[in-house]
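Note sheet for the following structure.
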Amino acid sequence: MSKNMSVAVYPGCSLNGSSREYMESLRAVLNALEIPVNEVDDWNCCGASAAHNIDQDMAVALPSRILAQTAKDGYSNLLVPCAACYNRLKHVQQEIKTSPEIRQKASVLLNQEINTPDTIVNILEYLQSTVMPRLEGKTLKPVSKKVACYYGCLLVRPKGISDEKQIEDPQGMDQIMASLGAEPVSWAFKTECCGAGFSVSNTTTVARLSSEILIDAADRGAEAIIVACPMCHSNLDMRRREIEKYSGRKFDIPVLYITQAIGLALGIPAKKLGLQRHFVPVKI
Amino acid sequence: MKRLHQIVSELLASGKAKLVIGYEKGTGEKRRPAFISDANEVERLVFDSQCSHNLSVYLTKPEYKHVTEIAVFATPQTMRAVVRLAGENQFQDKKLSFIVMDQDQNALLIEGAEVLANHLGKEKIALSSAQEELLAKFEAMSREERFAYWKEQLSNCVKCYACRAACPMCYCTRCTVEVNQPQWISVPSSLQGNFEYHIMRAMHMAGRCVDCGSCEAACPLGLPLNIITRRMIKDIEASLGPDIVSMDTKSVLNTFQPNDKENFIR
Amino acid sequence: MQTENYTITDSNLQQLLQALLSSGQKVVAPVRANNKVLFKEIKSASEVCSDHVQTTLSAKHLAFPRTEVLLQYKKTGKEVTINDFPFDAVPQTFLWGSRPCDAGGFAPLDGIFNWDSKDAIYNKRREQLTIISFSCTRHDDACFCTSMGGGPGNTAGSDMLITPAGNGTNIAEIITDKGKALFENYTSLFEEAMGADKEQYLTKIDKVFDTAEIKAKVEAFFESKVWKEQSARCMGCGACAYVCPACACFDIQDDKHGSKGSRLRCWDSCGFQLFTLHTSGHNPRETQARRWRQRVMHKFSYMPDRINVVGCSGCGRCSRACPADMNLAEHLEVIMKMEAEKI
Amino acid sequence: MARIGVFICHCGENIGGTVDCNKVAKSAESFDGVVFSTDYKYMCSDPGQTLIKQAIAEHKLTGVVVGACSPRMHEPTFRKTCSEAGVNGYMCEMANLREHCSWVHEKGEATTNKATDLVRMLVGKVKNNKPLSPIKVPVSKTALVIGGGIAGIQTSLDIANAGHKVVLIEKQPSIGGHMSQLSETFPTLDCSQCILTPRMVEVAQHPNIELITYAELESLDGFIGNFKARIRKKAKSIDEKLCTGCGMCTTKCPTKKIPGEFNEKLGNRTAIYVPFPQAVPNKPVIDKNNCTYYQKGKCRICEKFCPTQAIRFDQPDEIVERSIGAVVVATGFEVKGTDFFPEYGYGKYADVITGLQFERLASASGPTLGEIRRPSDGKIPEKIVFLACAGSRDPAKGIKYCSKICCMYTAKHAMLYKHKVHHGDAYVFYMDIRAAGKMYDEFTRRAIEEDEVKYIRGRVSRIYEKNGKLIVKGADTLLGAMPVEVEADMVVLATASVAHNDAADLAQKLHVSYDENNFFVEAHPKLKPVETNTAGIFLAGACQSPRDIPETVAMASGAASKILGLFSQNELTREPVVAVVNRAAPPLFSTCAGCFMCQSVCPYQAIEKEEIKNRAGETIKTVAKVNPGLCQGCGTCVAFCRSKSIDIQGFSNEQMVEEVFALLNND
Amino acid sequence: MENNIKVVAFVCNWCTYAGADLTGTSRIKYSSDVKIVRFPCTGRIDFMLLMKAFAEGADGIIVSGCHPNDCHYTSGNFHARRRWIVFKSVLETFGIDTRRIQFSWVSAAEGAKWAEIVNTTVERIKELGPYTEYRELAGVEAP
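Protein chains in written order, with our numbering: chain Y, 58 to 341; chain L, 594 to 859; chain C, 1412 to 1754; chain B, -13 to 653; chain R, 17 to 159.
Shown next, in the form of structure tokens:
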């Protein structure tokens, strides 16, 4: 696959850190489908939510450097699995393209010319456009489970940045899970907030919000929750004890990444998908 | 030439034409318009490649307003002018017939402007090589160069209006130039008056000019007037569609398309 | 004044021209610009063109410009201030390289502009004008100056006439006081006359008719249909009148800009359809035939009768400039050959 | 010689604030042709106008220039003043010193100089004005009313009762419009059928009203007093003369499952149907898209059962022409569907309905015969949540305006629900209660205090369905934005009132302007609410912007009165701003060269050919002639004419050139 | 940057003139170098009037009217648009500076757009400076 056809991946801090299993499962799936995984060379932190609250210049400079690095390596599209990084990179790409002053400021800060890859895709767009077509031929181990697909916030919002048409009722993951043999549950908390960044500073709020999500998923008979963002996963999985304490109900619904679900369907062993890293045990 | 004289004599004898407007030998090698109404003068008439005047200019003259049956020698340019003049209701009560030279140079009689319209070829009138070259040079000029070019050319214009008189499409009894309440074209034949006059003439030719070059041929000072109209026709065709010569009264400026393309109106 | 003859070499002639130029005087000479030769003010001797038969436009604009501001006015509130024609601003001008027929053309103009009221502006421009003509060594088939009492070497109208006499010498004839004054300023450039007959150097234009014959003929055939036949192809433009050195018709118009403006005199032509349109709507010369007859009668009959000068110097410009090839000489010949007609 | 008077108005502080009016008046005195110049605080006031009249008399003025506000505002006023003082109205021009100068520039010398320039321009123009007298044009005293809702009905009745002919056309099979769909109407809760149906019958039986239903305007040509309307009568497939309205066909028709438009898709109807029992005319129409005969060529059962053989399957659309004096647009409005709201489920949830659908549930002739039952399972809802401002006042959704009527009908709905289901709970999420009409606020207070409707001040962020219940997630801003969750059985959205989706096409057919929400634009928001910029075309009802029934009826009577004023004289006087082809003495007769290319330029076909004949009757010349009745004075032919043979009165070439010259030669 | 320049605006009465009125009622400030001449319709604006304006001393011209399809007379602005397309090409042939003419559509509801067009046009004309090059052509003494 020539360079500008293949895609560069920007893992970001959580995919190498607290949500290592997201990257492992992604890598496992892509290897199984002989798609090369080329990380962006010498990538840096995207500034996530902290940067653009504190310092506008840094909020522009950090993502610009990532874009410049990707373009320098000759890649024309960039996959950003983590929803927060995707949001920041897409936002800064738009700002660079539309306003020459910001582009100028970025190039001064990084003293190099800033140019950006043509397209930045999030995990769902990438899976639908590149991975799913390859699965057609494969014989899959059907994931015959009732699943609740949880999109969270930054995957589908804000309007100007994400290209999602049905912000209130997205179908991206539901379609993927359906084609894996699962039965996506129609539920109302697809894009409700899980508490995101308050995980550390205000855990009770995360407990309250995430428990509502789990209550609705459980009541709808979901046997697993599928996510595509490290933040969602950590709140719904890692904070399970707080959720149970807050809601007074026991939930043993596991939380899987979409890539892990695909991995299972491809018959990749659990260890390779990093399932053992979860707080809530995944019983297949 | 015999066939030509024979046709003319028949036309005069049969009364189909009370007046024949053709060409005759002029001073030196020149050809000039000739007006024949009785048979024995038919010998004077010639029709060869040097005949270039657009004889349709005489059809709208007051002197010939009341002559209904007229025959005219028609070069391709004259044909185009006649068709457009007919489209502009100028031959209301006229019965016109035309003597045309076909490909292998023998005379052909066509009766009626409508018949002439569909005899008309679609091919464009070719510019002389000198004009082509000047047009190309002109295209490459910047705005300032063009302004300087016309300042130099129009400084010689004495407003003798030979270009207006020679043009078949200029048949208004009183031209805007002669309007003095308000004074549209400034009186002195200063550069400004000349610019205004030639811009107005170009605008009045929009969608009507048949590209016959009579204006340039008539100008005693040899100003390159054909460039103005030729360039306008090219621009009009580029933005508003092909410049077809037909009896249709629809011309560029008195019709429109709801989605005419332009890139300068905000 | 009796014409005195001298000789002047080609190089001295150039020196004379150079002297006039360097003296800061306005010098107008024939200049070739995109295949037309026109009288233009020149700054250096090299601009002068001499291999032409005749300029397209005549030199009358030096005395009777195509547009001339007669006066300017300004209204402030109720009063009006008028500034008259700046007589002293008319520059001394030398016309270098005109033909005898150009010079000859000034006579009819002088006649008209001094007919009953002396036109001060025209006369001032004429006083300031010195005409140094060159005789004709070539002509074309439009020329008929000999039939108009002129000729390739005719001195009438010129202040000094130069005739090229071959091997680098020219015969210089001093004709008027102005010519004399010019001669006296630069006598060193002139040498004794060689006494050669200048006819041999001139081109030969055979005389076809003379002004008296033409006058009689045109008056005789006033009601003839020859005028209609001849003018059938005339399109009614103003080219013949504007190029003609002898045509003096003008129109007065005001050029108003807000509270100030100017009164202008501009060339006009009897060939225009609306030339004689009355405000009542009546037009005494409705058809082109009447206008063509008027042009010929005015030049060859009315002017000789009233101010005994023929309104044509036979330069042939009108025939060359006419888009419809209305060759004046040819038309006059046709009229000459006409016998009595049953009218 | 022109004797011009210049009158500069201070307009209180509006002009005086930034323009030195006195200085402008002083410098105007020096303009060529000005014999009197003054300034005054309020030129349009009575003393101001008397000042003008006195000046005209005293200085024997022949022309007047008033430097004040926009001519679009007071040109008629000052022209009337001048004509009363003996100077022809059209010798008076206005310089726009307010909207185009004082209001838009800072105070200073430049602004005063610009004001002076503007006055000088109009003085230059006035010197070339000619006295004109209005054109007399015959008026055909028939009005065309487009739209058979309460607005159209009221207008038609007012005009017809005054003795003039009316042609009322309605797109639906029956008149009645949205009002006929309502159960009871605020603030008096009287049932809409009782107050509307008699009016509908009166319209149908009125000798002066020609009612054409199931018809739309095809085209409108001509101008005020002389319109020619072509109306497309869509094929009903019924011969209306033979049909007695017995309704046999509607009962026998096998296709019964078509969601009815009248019941807002809550009830079903047959393919051949009468929209609602009290429909006027009470004759059926065949819905071609759903009739099996039209779709598959079989059935024709209605034809068999029709006692009077009135069914006409091959009936074509028919275009009828009427000559019309004036037009009233009364096409009303639409409400947004629930699918417009992603956060409320994209219209997926059956029990999330619009206000109009609730009206049908509450209506005795509705699908549930007046019982409040929810569409999903037909149960009587114990708890209903009403959402005010659903879509309105929401720039993100592209609807910036307030729909005006939803606060009132939401309170009414809650009240009706409580009257019918005493033990039920009604919640209303609202931003503000806009009940500004007579007895309106008392009505909403009654809903809150007597019928215990729980008003919660806050927006609803999301609605989702959970085991049969609709979970409404909102907030209560009066309790510190505390999140509120209501488990409701049914939700009623008071969706935004918007213009019909084909309103823009109708506007373009009528050459009437429309705003960015596709509502028709009135001539002046305060002073001419029922007129449009196109003379002879008037507006009534919600087609101009959302409004309730009382206002609609008042506006309809307003439009009717305008037309009765128009029809009160036999002749209409029209602005003499029309084009004229010049005429000259023989033998020229006119400088027009007879090319007639101007004919194709004229949008009103106002230019005709005139043959100039000599005494012997032979045509000497054919020249153009403008019919003053048809010409609307756009002037396109004037700028187009190559020989400058056409000029337009009021904006002649002379006037416009002198106006521009006066501006540019100001030193 | 020349600052006493003259810009004339030829506008149609139904849309742009009303739009300019709206600019007034909304008190949006804009450059005072533009003076508005009212026409019944853009179809009424004669191309020769633009030439006369330049000859008499205008440095810039704005021509504005109703958006296509909104013309009160249905087709006035359509004809005007055709006229301006041809006229602009003829002016470019003669080297007249068409940057000095700004054509635009401004409706009765676009007060802000009118102010913006006036300001940007005045700015551009100030950069171009007075149009003396064209006015100097009026000197009578042609060579």
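Each residue gets a CB set at the ideal place from its N, CA and C atoms; glycine is no exception.
Cβ contact check for the stretch 198 to 218 of chain Y and the stretch 267 to 287 of chain Y: 3 or more pairs under 8 angstroms: With the cut-off at 8 angstroms, the stretch 198 to 218 of chain Y and the stretch 267 to 287 of chain Y touch.
Neighbourhood of Ser531/B by C-beta, 6 angstroms cutoff - its chain only, sequence neighbours within 5 removed: Start at 1 with the first residue of the fourth sequence, and residue 531/B comes out as number 545. Apart from sequence neighbours up to five positions away, the residues of its chain that approach Ser531/B with a beta-carbon distance below 6 angstroms are Phe505, ordered along the chain.
Interfacial residues, the stretch 572 to 584 of chain B to chain L, with Cβ spacing under 8 angstroms: Look at the stretch 572 to 584 of chain B: the residues with a C-beta under 8 angstroms from a C-beta of chain L are Leu574, Thr577, Ala579, Gly580, Cys581, Phe582, Met583 and Cys584.
Residue-level contact to chain B via CB, Lys843/L, 8 angstroms cutoff: Position 250 of the second sequence holds residue 843/L. Answer yes: the Cβ-Cβ gap between Lys843/L and chain B drops below 8 angstroms somewhere.
Neighbour flag for Cys768/L against chain B, beta carbons, 8 angstroms: Counting from 1 along the second sequence, the entry for residue 768/L is found at position 175. Yes, because at least one Cβ of chain B sits closer than 8 angstroms to the Cβ of Cys768/L.
Contacting residues, own chain, Cβ-Cβ under 7 angstroms from Ala235/Y (five flanking each side not counted): Within the first sequence, numbered from 1, the residue matching residue 235/Y stands at position 178. Closer than 7 angstroms at the Cβ level, and outside the excluded window around Ala235/Y, lie Pro241.
Beta-carbon proximity of Phe344/B to Val478/B, cut-off 8 angstroms: What you label residue 344/B is simply residue 358 of the fourth sequence in a count that begins at 1. What you label residue 478/B is simply residue 492 of the fourth sequence in a count that begins at 1. In this structure, Val478/B lies closer than 8 angstroms to Phe344/B by Cβ.
Chain B contacts made by the stretch 826 to 852 of chain L, where a contact means CB separation under 7 angstroms: Hits within the stretch, in order: Thr842, Lys843, Ser844, Leu846, Asn847 and Thr848.
Residue of Ala275/Y, Asp276/Y and Cys250/Y minimising C-alpha distance to Leu266/Y: Position 209 of the first sequence, counting from 1, holds the residue named residue 266/Y. Of Ala275/Y, Asp276/Y and Cys250/Y, the residue nearest in Cα terms is Cys250/Y.
Beta-bridge pairing of Ile52/R - partner residues as DSSP gives them: Here the question's residue 52/R lines up with position 36 in the fifth sequence. Paired residue(s): Ala25/R.
Chain-ordered neighbours of Leu784/L on chain R, where CB pairs are closer than 8 angstroms: In the second sequence, the residue the question calls residue 784/L occupies position 191. Within 8 angstroms Cβ-Cβ: Leu153, Ala154, Gly155 and Ala158.
Option in Pro589/B, Gln301/B and Glu594/B with minimal Cα separation from Gly849/L: Taking the second sequence and counting its residues from 1, one reaches residue 849/L at position 256. Here residue 849/L turns out to be Phe, not Gly, going by the sequence shown. That would be Pro589/B, whose Cα lies nearest to the Cα of Phe849/L.
Test: Asn647/L CB closer than 8 angstroms to a CB of chain B: Counted from its first residue, the second sequence places residue 647/L at position 54. It does not: the Cβ of Asn647/L has no partner Cβ on chain B nearer than 8 angstroms.
Contact belief for Cys805/L with Gln670/L at Cβ below 8 angstroms, rounded distance in angstroms: Here residue 805/L refers to the residue found at position 212 of the second sequence. Here residue 670/L refers to the residue found at position 77 of the second sequence. Right, the Cβ-Cβ distance comes to about 3 angstroms (below 8 angstroms), so this counts as a contact.
Within chain R, partners of Glu855/L - CB distance below 7 angstroms: Walking along the second sequence from the start, residue 855/L turns up at place 262. Within chain R, the C-beta atoms nearer than 7 angstroms to that of Glu855/L come from Arg97 and Ile101, in chain order.
C-alpha distance - Asn856/L paired with Glu78/Y, whole-angstrom precision: The residue given as residue 856/L occupies position 263 in the second sequence. The residue given as residue 78/Y occupies position 21 in the first sequence. The straight-line gap from Cα to Cα measures roughly 55 angstroms.
Contact under 8 angstroms by Cβ, Lys247/Y with Asp220/Y: Residue numbering aside, residue 247/Y sits at position 190 when the first sequence is read from its first letter. Residue numbering aside, residue 220/Y sits at position 163 when the first sequence is read from its first letter. No, the pair does not count as a contact, with Cβ atoms beyond the cut-off.
Burial state of Gly398/B, where buried means 16 or more other Cβ atoms lie within 10 Å: Stepping through the fourth sequence from its first residue, residue 398/B is reached at position 412. It should be noted that the sequence gives Lys, not Gly, for residue 398/B. Buried, by the Cβ-count rule.
Local Cβ density within 10 Å of Phe1633/C, reported as buried at 16 or more and exposed below that: By 1-based counting over the third sequence, the position of residue 1633/C is 222. Exposed is the call here.
Contacts that Ala799/L makes with chain R (C-beta to C-beta distance below 7 angstroms): Start at 1 with the first residue of the second sequence, and residue 799/L comes out as number 206. Those within 7 angstroms of Ala799/L in chain R are Val102.
Start-to-end residues for the alpha helix (DSSP H) that takes in Trp1507/C: Locating residue 1507/C in the third sequence gives position 96, counting from the first residue. Where Trp1507/C is concerned, there is no enclosing alpha helix (DSSP H), although the beta strand (DSSP E) it sits in stretches over Thr1504 to Ser1509.
Cβ neighbour criterion (16 or more within 10 Å) applied to Trp1755/C: Since the displayed chain C opens at 1412 and closes at 1754, residue 1755/C lies outside it and no answer follows.
Interface partners of Trp30/R on chain B, CB under 7 angstroms: Sequence index remark: in the fifth sequence, residue 30/R carries index 14 (1-based). When 7 angstroms is used as the limit between beta carbons, Trp30/R is near these residues of chain B: Asn519, in chain order.
Other residues of its chain near Ala336/B: CB distance less than 7 angstroms, five sequence neighbours each side excluded: In the fourth sequence, residue 336/B corresponds to position 350, counting from 1. If you ignore the 5 residues before and after Ala336/B, its C-beta comes within less than 7 angstroms of the C-beta of Pro361 and Ser362, all in its own chain and listed in chain order.
Residue from Leu616/B, Thr577/B, Leu650/B and Lys39/B whose Cα sits closest to the Cα of Ile121/B: Taking the first residue of the fourth sequence as position 1, residue 121/B is located at position 135. Restricting attention to Leu616/B, Thr577/B, Leu650/B and Lys39/B, the CA atom closest to the CA of Ile121/B is found in Leu616/B.
Chain R contacts from the stretch 672 to 685 of chain L (Cβ-Cβ distance under 7 angstroms): Cβ contacts with chain R: none found.
Cutoff 8 angstroms: Cys765/L Cβ touching any chain B Cβ: Against the second sequence, residue 765/L aligns to sequence position 172. Answer yes: the Cβ-Cβ gap between Cys765/L and chain B drops below 8 angstroms somewhere.
Residues that DSSP places opposite Gly1692/C in a beta bridge: In the third sequence, the residue the question calls residue 1692/C occupies position 281. Gly1692/C is not bridged to any residue.
Neighbour flag for Lys630/B against chain L, beta carbons, 8 angstroms: Along the fourth sequence, read from residue 1 onward, the residue named residue 630/B stands at position 644. The beta-carbon of Lys630/B is placed less than 8 angstroms from the nearest beta-carbon of chain L.
Minimum length 4: unbroken alpha helix (DSSP H) runs contained in the stretch 468 to 541 of chain B: Annotation note: the stretch 468 to 541 of chain B contains the following uninterrupted alpha helix (DSSP H) runs of length 4 or greater, listed N- to C-terminal: 489 to 496.
For Glu597/B: DSSP bridge partner residues: Taking the fourth sequence and counting its residues from 1, the one referred to as residue 597/B is at position 611. DSSP, once it has assigned bridges, lists Thr608/B as partnering Glu597/B.
Glu1584/C and Thr1557/C closer than 8 angstroms at C-beta: What you label residue 1584/C is simply residue 173 of the third sequence in a count that begins at 1. What you label residue 1557/C is simply residue 146 of the third sequence in a count that begins at 1. No, these two residues do not count as a Cβ contact at 8 angstroms.
Neighbour flag for Tyr1484/C against chain B, beta carbons, 8 angstroms: Start at 1 with the first residue of the third sequence, and residue 1484/C comes out as number 73. With a threshold of 8 angstroms between beta carbons, Tyr1484/C makes no contact with chain B.
Chain-ordered chain L contacts of Thr608/B [CB-CB under 8 angstroms]: One-based indexing of the fourth sequence puts residue 608/B at position 622. Asn682 and Gln685, listed in chain order.
Inter-residue CB distance, Glu81/Y and Leu330/Y (contact presumed, cutoff 8 angstroms): As a first step, residue 81/Y must be located in the first sequence, where it is residue number 24. As a first step, residue 330/Y must be located in the first sequence, where it is residue number 273. 7 angstroms between Cβ atoms; contact.
Nearest candidate by alpha-carbon position, reference Glu1624/C, set Gly1579/C, Arg1676/C and Pro1715/C: Position 213 of the third sequence holds residue 1624/C. It is Pro1715/C.
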